[in-house]
Each structure stands twice: as C-alpha cells, then as structure tokens.
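Number of protein chains: 2
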Amino acid sequence: MTVKSFQPPKRTLMGPGPSDVSQRVLGALARPTIGHLDPAFVGMMEEMKGLLQYAFQTKNDLTFPVSAPGSAGMETCFVNLVEPGDKVIVCQNGVFGGRMKENVERCGGVPIMVEDAWGTVVDPQKLEDALRANPDAKLVAFVHAETSTGAQSDAKTLVALAHKYDCLTIVDAVTSLGGTPIKVDEWGIDAIYSGTQKCLSAPPGLSPVSFNERALERIRARKRKVQSWFLDLTLVMGYWSGGSKRAYHHTAPINNLYGLHEALVILQDEGLENAWARHAFNHEALKAGIEAMGLKFIVKAGDRLPQLNAVTIPEGVNDAEVRTTLLNDYNLEIGAGLGSMAGKIWRIGLMGYASNAHNVEYCLKALDEVLSKAKAPISKGVAVNAAKAILGKTAKAS
Amino acid sequence: MTVKSFQPPKRTLMGPGPSDVSQRVLGALARPTIGHLDPAFVGMMEEMKGLLQYAFQTKNDLTFPVSAPGSAGMETCFVNLVEPGDKVIVCQNGVFGGRMKENVERCGGVPIMVEDAWGTVVDPQKLEDALRANPDAKLVAFVHAETSTGAQSDAKTLVALAHKYDCLTIVDAVTSLGGTPIKVDEWGIDAIYSGTQKCLSAPPGLSPVSFNERALERIRARKRKVQSWFLDLTLVMGYWSGGSKRAYHHTAPINNLYGLHEALVILQDEGLENAWARHAFNHEALKAGIEAMGLKFIVKAGDRLPQLNAVTIPEGVNDAEVRTTLLNDYNLEIGAGLGSMAGKIWRIGLMGYASNAHNVEYCLKALDEVLSKAKAPISKGVAVNAAKAILGKTAKAS
C-alpha cells in the first residue's frame, strides 16, 4: 500500500493542549534547518534563554527548553534533584501529581503523599503538617496548574512553606506558563518545568525548564550520577549554558525550536501581563456562557485556571458522542476527563493563541447546538449572548 | 532588548547531521497542529508505523518514533532492556559506543567493553572472545554506523554471534537508517534506534525505534519498573500500539511527526534500495574528488559508510578556520572531529536529501578553493573533474 502525504484537517483546539498554533509560528517551523552548533543557531539559543527568562520571570542562567515534551521536563527535574533514599513530599490533586510520585519512585526516592480531592487546590495546611512530620524531607513537588482538573494552587505560599522547612521545590507549570502569573524569582521556585503546547501556543515537543543556584548546588553535590544520560543537566548545560564554548551533547530539535522562539517573540510583543489579562478576560466570557447554559464548573470560583475550564457533563449525555460530533461537524476539539474524571467532565481550553473572543463564542454556540440536539438539560440559546455581554459586543449573531 | 523573529541562513548541510531538509518536508512541518488523540492524527500514526517498518525492514509491531532525539532512542533501548546487575557487552569503536557504556552504567548494569581503534570496525573475533569469557552476559550492544568516524560494522555477523551465545542485541542505526542496508528481521536485531536528521532528512527531534518479540518478552519479565517514566515502553506502547484504544501517555510532537511522515513517504516513493544505491553512488563521486585532491580517508575501503566521509585534515591547516570560511563564504557546513578525533579529521556527510551530485561538486569546489588559499599540500583544481567523471557529466565548470 502506498502512503500519501498527510494533510491534517484544520481544527479549533480548545482541549487541554495542544492549543491552536498561529500561522506565524507554523511558518517559523518551515524555515531552513541549520546545524545545532551553527553560530547563527547559537545566537538564537541565547535569545531563547532571554525570552524564557522573561516568561518565567527569572534571572536563572540555567533556563532552556528540554528537547522533548513536558513529561521529559518533569523527569529532568526529578532525576537531577532526587537521589536514592531521598524523601520527597508530593502534593497530589490530580493526574499529574501522580506522575510526580512515579518519578520519585523510579529515582529510588521515597514519596510522602499529601492528597487533596481532584478539583480542589493543594491545601497549604496539609503540606505544613507533612513537612513537620518529615523533618528529613529534601524536596516538595506540586503542580501549579492541574491540567486534569483546572485547579490553580497557590504556588507562592507552597514554596514559602517548603523553604521554611529547608526543602527545595519542584513546580509543574506545564499549563500555567504564559497564561497565569508565575514569578520564579519572586516566589523562590527552585526548579520548574513547562510545556510549549499550552499557553505558549507552540507545537508540542519541548519543555521549558529553569533551575536556580540552590538547585544547581544540590545537583553538584550529588553522590551518584544522574540516572538519565539524556537529561543529565551537568551534561546538557555544556550545550545550553556553554557561552562561546558550547559542546555537543545531543542534536537539538532545530525546527521545533524555531517555532518556540517565534511563539516567545509573540509573547514578548504582547507583554506577559497583557497575556495573563487576556486569558482572564476570555475565561470570564466563557464562564458567563457556560453558567447561562446551566453547566457547572468542578473547581470553585477563585481557584480556577482561566485557561482550562473543567465542567461537568450534563446528565444523560454521552461524552464520546458529543466530542465526536463537535470534532466532525464543527472541527472543534475539547478535552475528555482523565483518570477518575473520565466520562464525568469536559476540559475546555482557552490557551495562548486560542484564548480569543471568536473561540469563546464558537465553542459556546457549538456546545449549545450539540447539547440541544442531544436533549441535554440545559438552557438553550442563551450562552453566546451571555458571553457577548462580557466581550462587549452587540447581540448580533456571530 | 526586543528580540525579533529568527531568520536562519540557508546552508548546505554536509556535516554528520542534521542534513538538508527538503522544502517538501519543511512544508509538512507547517501544516495545522491537531490533537494527539485526534482520529486523523491516529490514522497518520498507523501510516507512520508502516513506513518505519519498511525503512527498518521489519514486521515488528512495536516500531515507532520516540518523542525526542536519537540519544533518547538509545536510552529507550537501555532503560527498558537492562536491569541492575545485568552484564552488557558493549562494542566501542568511536564516541557513540562510549555513550552506550554510560547508559549501561546509569541503568545499574555492568558493561563489558570490547574495544576497537577509532576508524576501524567492530572485530567479530573480539566480540566472540568476550561472549565466551562472559557466559552470563545478557545483551550485546554496538553501533552499526559510527557517526564519529564513518566506519560501518557488520551488523548481521555481530547479531548472529550474540544470538549464538544467547544474548539479545541493541543496535545503534542513527546514521545508517535509509542510507545503507539494515534488515532488522533478516538479521534478527532485537532492539534498534535511529535518528531523523541523518539519511531520512527530516528535522532532528525524533528517534525511530523497533523492538522484536524477544525484546518485549525480556521487558515483560522485568523485576523492577523501568527507571524512566517517559521512556517506559510498557506505557508508551499504550499510545503507539494501542490500536483503537490508544491511551494518552505524553503529548506527541505533532508537527515534527508531520515532517518525519513526509520524509518517509519520500523514502517510500524513491524505494529503499534506490536510496541505498544513491548514497553509494554519490559517495564514489565524492571519494574520487577527495582522493584526487590528495586527502585521505581514515576508514579503510570496504568499511566506509557512504553517507559519512571522515578525512584527515592536511598538515599545517587550521581546522576551525577552514570550517568557518566554508560556513561564511559558501554557506557550507561540514563536521569537525569528535572526542579524540577533534582537530584531526573532517566529517563530510552525504545524507538523505543532501546526497546528490550538486552537493558533491559544490563541496569539492569549496574545499579545493579554501584549502588552496590556505596553502594546504593538495592537488589543486582536479577534485571536481574527478567527481564529474563518476557522476557521468561533462567537464564543464559547474
């Protein structure tokens, strides 16, 4: 059988990521490939560092994109900072805290779990109890923006608590970077990782990370080599932080990096605060429509991520059928529930380039039509106007 | 400081990779991003498997691209197949055999080194001696195409020897896939990894791998979890081999996969045997020019990779100056020596899309001019015509 070139459909991506990638970023991907040690490429890497430092609000020298998706960014933090026998307090309030636990165990560490219900935020009191009960703990790890539920924990408070008990911190910011405030230096985050396919709206495949001096000291003091050669920061930094003497470690994903660079230039041009405000504003509009329709958010007001809206599926509605209809008839992707949330919630993303008024209205209109046809118990025909009232538009049909 | 969009120069890439990427593949990268569980994407993944099975000449079901560069493909093989205490015979005849050793050690395995001089191939007799001396060895690992020297080892013979002594095999085919024969099923290779940025001429960032049933049995029989969550095949295969029930593991690098798919369609359309023949033919032409000029190959005839030509730097010539001039004045990238070969050799790639008559002549012309200016002890003005005689062209200036 002869395989033909692949022509993907044009979707509107309003799931938990990847989010819509702009034509400007897609165009950057298609620029000519050059060598990973080409002086022109090295210049781009320096710019990339500066742009990521801006996005993370840090001066950390070791700030760069790991050459693999967010899960590898997570693993980079754990394999470098955890040694066998180390106690690590892991706060779990969704799928990704569970993945952190897996990482600790696979590094030979001992996870101490602090569990909160899915859809709620990490409880600082529970963390402090765990820190008190485990004076020998070395690290605290938590997810800032739980992609599985849309809950946003108070990173600043959690980091301050960890430091009070002499622990370093690993923070998952996969879904938050560029969409909601993160201030690595001000909050004192020691190690952080993110993804490119959420609020940065670059294609998936890279994981921006940043490590402060305290984290580097811990790594330099390791007794054993990092168990991953590919993710060993003592080697990787020779390439990403080598100044004029960069040494080959692995071949960087050149064209994907062009895309991320372009996405970060767009973020710089918009301004980080403006991007945060845009995410918050479009969330308010979507929320107005969602609530007018009668759907419920699973996270309580004040704890919600503006870029990831988790809503309960109305009774009697077939999850998969609705998502399939949205995809086939509207070219619209929204996200299913993960883990214990499967079949119970939808996750509606308003991330990066996809966080715009058109998408808010388009998604509400599509949901309204599809749920009405499915005879779901919703208020019909009111969602779009409720959103428009926020978006400041007239009530004319979109 | 405001960062502007990055506009890379247009180079001719004749180093050890990345190789030139065609406009057709670059164009594929820029197609709209869709979700990693979108049915349209899943259909592309199935096609990808078939195309990679063709490239590897295998029917192995577990054949897919790891979501990270070749070094992560290497690590995928080792972390899944090596358990603490396992003896692994590693044949080293260049840089990448050394990286294999690092991998074995970081998995808690015990490497038994079989060393051959850089620039020579792996000696089957030495491997057999090591196998006899280590009846408890579980694995044999070697590099088929040593990217650091351009030597091509006899994979078929080495695999047969390993099997005779009941060892499984891990083969590095980063630089060979698509450029020189590899027959995974016929030769019985148990685990193999490659890269996309060499003879496939896709951008870097993915690592095609394939595992046979024997390798999978070994993985299923493991006593301990794989130390890498990101590279754990028991998890990854739920996404890449899940049939209609694919489960999310990590977010695949969507657009990079478009590029690899397109590159593999091009390989399919050309035909694998034709691609091998093209690489061999252009190598003959380059060799004629290189030898006419008076430069020497470091690998003896018969053991050379057609896609990677390692030649000694003529006496009195400044390595870095020549490469910088080629880059600045000719937009031509050739490779420096790695490790103990640094400053002693150049590595001239004729890989994938870059293996063509124009590049052969362009590189010889540029080398001729730059080395002549540098007063190197070469025969001037004869290289291009020597190549043309092979390429079947008239002696008119290019």
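Residue numbers (the working numbering), protein chains in the order written: chain D, 1377 to 1774; chain G, 1377 to 1774.
C-beta: ideal position from N, C-alpha, C; glycine also.
Chain order gives the chain G residues near Ile1410(D) as Pro1384, Pro1385, Lys1386, Arg1387, Leu1389, Pro1394, Glu1709, where near means a beta carbon separation below 9 Å. Distances from the CA of Gln1501(D) to each of Val1519(D), Cys1483(D), Leu1534(D) were compared; the closest alpha carbon is that of Leu1534(D). Interface criterion met: the Cβ of Thr1378(D) is under 8 Å from a Cβ in chain G. For Met1424(D) and Thr1545(D), the gap between their C-alpha atoms comes out near 24 Å. Assignment of Gln1528(G) by DSSP, reduced to helix, strand and coil, places it in the strand class.
Taking CB atoms only, Tyr1634(D) has a neighbour in chain G less than 8 Å away.
Apart from the 5 residues on each side of it in sequence, Val1486(G) sits with its Cβ closer than 8 Å to the Cβ of Gly1461, Asp1462, Lys1463, Val1464, Val1480 in its chain, given in chain order.
For Gly1495(D), the closest of Gly1470(D), Trp1722(D), Asn1510(D), Ala1509(D) by C-alpha to C-alpha distance is Gly1470(D). When DSSP reads this structure, Gln1468(G) sits in a beta bridge with Glu1491(G). Of all residues in the segment 1448–1474 of chain G, those with a C-beta nearer than 7 Å to a C-beta of chain D are Ala1448, Glu1451, reading in chain order. Contact between the segment 1575–1582 of chain D and the segment 1593–1605 of chain D is absent, with fewer than three C-beta pairs closer than 8 Å. A residue is called buried once 16 or more other Cβ atoms fall within 10 Å of its Cβ, and Gly1449(D) is buried on that count.
In the DSSP assignment, Leu1582(D) forms no beta bridge with any residue. For Leu1389(G), the secondary structure class from DSSP, reduced to helix, strand or coil, is strand. The continuous alpha helix (DSSP H) containing Leu1648(D) extends over residues 1648–1669. In this structure Pro1392(D) is in contact with Leu1684(D), their Cβ atoms being roughly 6 Å apart against a cut-off of 8 Å. Of the other Cβ atoms in all chains shown, 16 or more fall within 10 Å of the Cβ of Gly1665(D); this residue is therefore buried.
Gly1711(D) places its beta carbon 8 Å or farther from that of Gly1728(D).
Under the Cβ distance rule, Val1746(G) does not count among the residues neighbouring chain D, no pair being separated by less than 8 Å. Excluding sequence positions up to five before and after Ser1604(G), its CB lies within less than 6 Å of the CB of Val1455, all in the same chain and listed in chain order. For Pro1441(D), the secondary structure class from DSSP, reduced to helix, strand or coil, is strand. Ile1721(G) is outside the set of residues whose beta carbon lies under 8 Å from a beta carbon in chain D. Neighbourhood of Asn1479(D) in chain G, by CB distance below 7 Å: Trp1605, in chain order.
Taking one beta carbon from each stretch, the segment 1682–1697 of chain G and the segment 1734–1751 of chain G have 3 or more pairs nearer than 8 Å; the two touch. Neighbours of Glu1737(D) in chain G, taken as residues whose beta carbon is under 8 Å from its own, are absent, since the nearest beta carbon is some 21 Å off. As summarised for the segment 1410–1458 of chain G, the continuous alpha helix (DSSP H) elements at least 4 residues long and confined to that stretch are 1415–1432, 1446–1457, given in chain order. Glu1423(G) has a beta carbon lying within less than 8 Å of a beta carbon in chain D. When the Cα atoms are used, Gly1713(G) and His1539(D) turn out to be separated by approximately 46 Å. A direct Cα-to-Cα measurement between Met1717(G) and Ala1513(G) gives close to 31 Å.
Glu1593(G) carries a helical assignment under DSSP once its states are collapsed to helix, strand and coil. Look at Lys1749(G) here: in three-state DSSP terms it is helix. Taking each of Ala1531(G), Asn1510(G), Pro1511(G), Val1401(G) in turn and checking the Cα distance to Val1519(G), the smallest one comes out for Ala1531(G). Between Gln1644(G) and chain D, the shortest Cβ-Cβ separation is below 8 Å.
A check of alpha carbon separations from Pro1753(D) across His1659(D), Met1613(D), Lys1672(D) identifies Lys1672(D) as the nearest. When the beta-carbon positions are compared, Leu1611(G) and Gly1554(G) stay at least 8 Å from each other. The beta carbons of Arg1654(G) and Ser1731(G) sit closer together than 8 Å.
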